[in-house]
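**Q**
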Amino acid sequence: MERTTPTVLVIDDVAEIVEELLTLLSLREISATGAHSLDGAIGALENAPQIRVIACDVRLGKESGFDICDRIRTHPRLKARNFAYIFISGDPMRLNQASHLPKHSILTKPVEPRALIELLREKLDAMRTIG
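Letter by letter, the sequence shown follows residues 772 to 902 of this note's numbering.
Put into structure tokens, the structure is as follows:
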């Protein structure tokens, strides 16, 4: 398979979940890369300027996936880029924490693969129109 530049960043602290999602996305011809922490996510975003959609688990060990928005907003270079966000949560009580986040969608676990793919494609299409 030809290596393409990623347009989606998948963030989860469980390496196996990241690998499974990357395989699923690849089979659906959605180019993606993964990270296991917020620091890793910032590094991936710095190295891949074509990423437009971030799919992030809410619970990342001791970190909150919601914090990716603040990390991007205060980053010297990343703050100028536009991203669409998809947050994935197994805890419905944590969903209230996302109400202030820009351009976000929330999926609750267990996530249906088809629903994730459809939402990712929708977000990618919307981000293409923004530029």
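All residues carry an ideal CB built from backbone N, CA and C; glycine is no exception. Just so we're clear, the structure is a prediction, and the values are computed from it rather than from any experiment.
Per DSSP, which one or two residues make a beta bridge with Val-824?
**A** Val-779, Ala-855
**Q** Taking buried to mean at least 16 other C-beta atoms within 10 Å of its own C-beta, is Thr-900 buried or exposed?
**A** exposed
**Q** How far does the alpha helix (DSSP H) with Thr-794 in it extend, from its first residue to its last?
**A** 786-798
**Q** To which residues of the same chain is Ala-819 closer than 8 Å at the C-beta, ignoring the five residues directly before and after it?
**A** Thr-776, Pro-777, Leu-780, Thr-804
**Q** Kindly list the residues whose CB is nearer than 7 Å to the CB of Glu-773, restricted to its own chain and excluding five residues on each side of it in sequence; keep chain order.
**A** With a pLDDT of only 43 at Glu-773, under the threshold of 50, the placement of this residue in the model should not be trusted, and no figure is reported.
**Q** Would you mind sorting Gly-836 into buried or exposed? The rule is 16 or more other CB atoms within 10 Å of its CB.
**A** With 16 or more other Cβ atoms within 10 Å, it is buried.
**Q** Would you check if the distance between the CB atom of Ile-782 and the CB atom of Ala-806 is smaller than 7 Å?
**A** For the 7 Å CB-CB criterion, Ile-782 and Ala-806 form a contact.
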